[in-house]
Amino acid sequence: MSDTRVSLEETAMQRDRAVTIFEKGAPGRRAFVAPALDVPEQPLDELIPSHLRRRAPARLPEVSEPELVRHYVRISRRNFDLDSGFYPLGSCTMKHNPRLHERVAGLPGHARLHPLQDPARAQGALQLMWNLERALSEIAGLPHVSLQPSAGSHGELAGVLLTRAYHADRGDQRRTVLTPDTAHGTNPATVTMGGYEVVKVGTNAAGGVDIEDLRAKADRDVACLMLTNPNTLGLFDPNIEEIARIVHDVGATVYYDGANLNAVMGISRPGDMGFDIVHFNLHKSFTQPHGGGGPGAGPIAVSDRIEPYLPHPVIVRHGGDFSNGSTREFDLDYERPKSIGRLRGFQGNYGCFVRAYAYICSLGASGLRDASETAVLNANYLLARLRQLGVCELLPPAYDRICMHEFALTGGPMKRELGIRTLDLAKRLLDYGYHPPTVYFPLLVEEALLVEPTETETKETLDGFAEAIAEILREAREDPEVARGAPYSTPVRRLDEATAAKQPVLRQAL
Ligand SMILES: *Cc1c(COP(=O)(O)O)cnc(C)c1O
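Residue numbering for the sequence shown is -11 to 498, as defined by the working numbering.
Shown next, in the form of structure tokens:
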């Protein structure tokens, strides 16, 4: 392989980097030309009133198809994605998305279904949603499901609104919601949006809820406790039944942040642990391209006492009884006087429902359990391998217990002994071809590194990742500047993350 070829390629890419799609092409150039109309042309005025129309045509790029394809393919290659490498981003469950799901979701009956289609002509879609609700209900151990929320955080908002409606219905005014100090940032944010005040509960020496602190704070002002189990440290809280009892004893609801369901699907059920409301992250536990790669879905499952307040419409099945004059087996019920109302337009992100349903059907109950067990095994294997390679002397586990689907390391000793921070390690991992784990979360862990390998990775990948971390530490012992200056191989180097998010530079690679 000659060096000349590489440098020529680089030159072509270099030239292209500075150019946005708006600067490519030429007036009149087209990627696609539609055939001439074979029906009579209709004046636009008859279709769209003039006050709703643009005064001047939109300024759109005019490019050929090869220009269009090359532009976006080139941009896509400058990003890191799950299809090109290991992506152990703790709490986000970046697991492989089976291609079967895409085929099923792409079937015209699914992909081309109009969201305003009359339920009488969308019976198959309603049946799929109804079946998915039943499966999620079984997995959660709670009888009623709404598919409407579009993300985990949206499910949390639904849960807080349901809690408010439940208390209001009893004439009970409450002010606060309890969350552990390990909670995901969306928990306190949602609580605040829902009009409650956040009260933090401490973490005990084992990484679980500090029961004494919870007891002290659980009073009649508390509307709800919001919790994930396993928590964001990747640890299962064995006191969960007692925690639920303490909260129920003061008349509050217990909410399960289901983002960590990947560890317990098919093994233990939030409903059995005592939770009243649960959200699922279909895009995490049940695989969907996510994190900039596609829309999400955050269905909720609830107990009988919360059911009257569910968002409307709800999907109902007229179990073979058509005596009410209906000719439909599945329908949408809007007659819900106590409902918190609608959370979004239409019924939710239908494509996510199809993929999640395909996942559940293709794995079956034992397959879901197997996925969770393998996720937990992979995380414990990776931790053991890191320990074996001596990595844990500088990056010890924040809590030294058997972990669930993820584990939190602290980079405190590494920072003090080698002079590199968790951020430096994360950036250097990019040069080794790995997406870094989650960093600086959970907040109570110094220099945190939260690693979630997922069940879909091979032993070779896990070994390679562990060896890369060991190698970076060896490197840093000799020269910490290497990690401090990383990454070296990415399209852009180290960015000021706040500025990059607020004022992205699209034109020029740095
Ligand atoms: C991802 C996550 C959420 C939020 O879910 P989104 O779907 O991103 O809104 C909440 N809690 C935990 C623990 C999470 O990991």
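For each residue, glycine too, the CB sits at the ideal point set by N, CA and C.
This structure is a prediction, so every number in the text was calculated from the model and none was measured.
At the level of alpha carbons, what is the spacing between residue i and residue j?
| i | j | result |
| --- | --- | --- |
| S204 | G190 | What sits at residue 204 in the sequence shown is Ala, not Ser. Near 11 Å, if we compare the C-alpha coordinates of G190 and A204. |
| A285 | A436 | 28 Å |
| A194 | H271 | 30 Å |
| E361 | V252 | 8 Å |
| V235 | T216 | 15 Å |
| A497 | P479 | For A497, the pLDDT reaches just 49, beneath the cut-off of 50, and the residue's location in the model is therefore unreliable, leaving the point undetermined. |
| V7 | V21 | 25 Å |
| S518 | C80 | No statement about residue 518 is possible, as the shown extent of the chain runs from -11 to 498 and does not include it. |
| H132 | S125 | 6 Å |
| D358 | P226 | 21 Å |
| H510 | G13 | Residue 510 is absent from the structure shown; the chain starts at -11 and stops at 498. |
| A247 | G196 | 17 Å |
| L382 | M402 | 5 Å |
| G378 | G73 | 24 Å |
| G438 | Q491 | It should be pointed out that residue 438 corresponds to Leu in this sequence rather than to Gly. Each residue's Cα considered, the two are about 28 Å apart. |
| A488 | S52 | 31 Å |
| V238 | R293 | 16 Å |
| T315 | P296 | 25 Å |
| L25 | M117 | 39 Å |
| D33 | P45 | 15 Å |
Using only the heavy atoms of ligand 1, determine whether one of them is closer than 7 Å to the beta carbon of residue i.
| i | result |
| --- | --- |
| G286 | yes |
| N85 | no |
| D245 | yes |
| H80 | Reading off the sequence shown, one finds Cys at residue 80, where the question assumed His. Flag set: Cβ of C80 near ligand 1. |
| Y423 | Correcting the residue type first, residue 423 is His in the shown sequence and not Tyr. Every heavy atom of ligand 1 is 7 Å or more from the Cβ of H423, so no. |
| A251 | no |
| N192 | no |
| N248 | yes |
| S141 | yes |
| N269 | yes |
| T164 | no |
| T167 | no |
| T220 | yes |
| T174 | yes |
| T275 | no |
Looking only at C-alpha atoms, which of the options sits nearest to residue i?
| i | options | result |
| --- | --- | --- |
| F68 | D467, I255 and Y420 | Y420 |
| D260 | F274, G183, V290 and N85 | V290 |
| A139 | K403, P441 and G280 | G280 |
| G16 | E29, L331 and R47 | R47 |
| P425 | F268, Y338, I457 and L104 | I457 |
| G329 | P137, S38 and A108 | P137 |
| D209 | G355, E55, R162 and P218 | R162 |
| I348 | Q30, L35 and N85 | N85 |
| E323 | F334, P299 and G336 | P299 |
Counting only the same chain and skipping the five closest in sequence on each side, list residues whose C-beta sits under 7 Å from that of residue i.
| i | result |
| --- | --- |
| M(-11) | Residue confidence for M(-11) is low, a pLDDT of 43 falling below 50, so the modelled location carries little weight and cannot support an answer. |
| A486 | none |
| A363 | N250, A251, H393, T442 and E443 |
| A128 | R257, P258, G259, V266 and A289 |
| L221 | T170, G195, A386, Y387, A396 and P430 |
| P468 | L406, G407 and I408 |
| L145 | T178, M181 and G182 |
With a threshold of 6 Å on Cβ separation, who are the neighbours of residue i within its own chain once the five nearest residues in sequence on each side are excluded?
| i | result |
| --- | --- |
| C212 | T151, V165, A240, T241 and Y243 |
| I9 | P49 and H59 |
| A464 | L406, I408 and A471 |
| A264 | It should be noted that the sequence gives Asp, not Ala, for residue 264. Taken in chain order, the residues that qualify are T241, V242, S291 and I294. |
| P76 | P425, V439, E440 and P441 |
If you drop the 5 nearest sequence neighbours on each side, which residues of the same chain put their C-beta closer than 8 Å to that of residue i?
| i | result |
| --- | --- |
| V304 | F318, D319, L320 and D321 |
| A206 | L166, L213, I234, V235, D237, V238 and A240 |
Do the region 411 to 425 and the region 461 to 476 make contact, defined as three or more Cβ pairs closer than 8 Å? Judged by Cβ distances under 8 Å, the region 411 to 425 makes contact with the region 461 to 476, as three or more pairs qualify.
At a cut of 8 Å, does the region 448 to 459 reach the region 357 to 373 through at least three beta carbon pairs? They touch, by the three-pair rule.
Quick one: any contact between the region 79 to 95 and the region 329 to 349, if contact means 3 or more CB pairs under 8 Å? Yes: at least three Cβ pairs fall under 8 Å.
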